[in-house]
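The structure appears below as structure tokens.
In our numbering, the protein residues as written are 1088 to 1182.
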């Protein structure tokens, strides 16, 4: 799995903690904010390396052939958005 989070400046201005998660996962950090967080439905797509998120995932998993499945959803913290994109990499050694 490769994940990429895009946080608009307006969201960071109100929630600067999003830029300083350190080793805390995004899920753990958002869970700490409880009812102030909502998540959209998932969008799924099979994408090639001409997609920026797949190109970045392939930098970390050389030899993985595209296309790859990508799942996208938007979180909102106090109504302010952030985008999470998750690329599903094939298992190493999978047939």
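Glycine included, every Cβ here is placed at the ideal spot set by N, Cα and C.
Asked	Found
Nearest candidate by alpha-carbon position, reference residue 1152, set 1171, 1111, 1137 and 1162	1137
Cβ pair residue 1176, residue 1089 closer than 9 Å	yes
Alpha helix (DSSP H) segment containing residue 1090, residue limits	Per DSSP, residue 1090 belongs to no alpha helix (DSSP H); it is in the beta strand (DSSP E), 1089–1093.
Ordered list of beta strand (DSSP E) runs contained in the region 1101–1154, each at least 3 residues	1124–1126 and 1130–1134
Per DSSP, the bridge partner or partners of residue 1177	Looking at the DSSP assignment, residue 1177 forms no beta bridge with any residue, so it has no partner.
Any 3 or more C-beta pairs closer than 8 Å across the region 1157–1171 and the region 1126–1135	yes
Residue 1173 versus 1150, 1122, 1104 and 1145, residue with shortest Cα-Cα distance	1145
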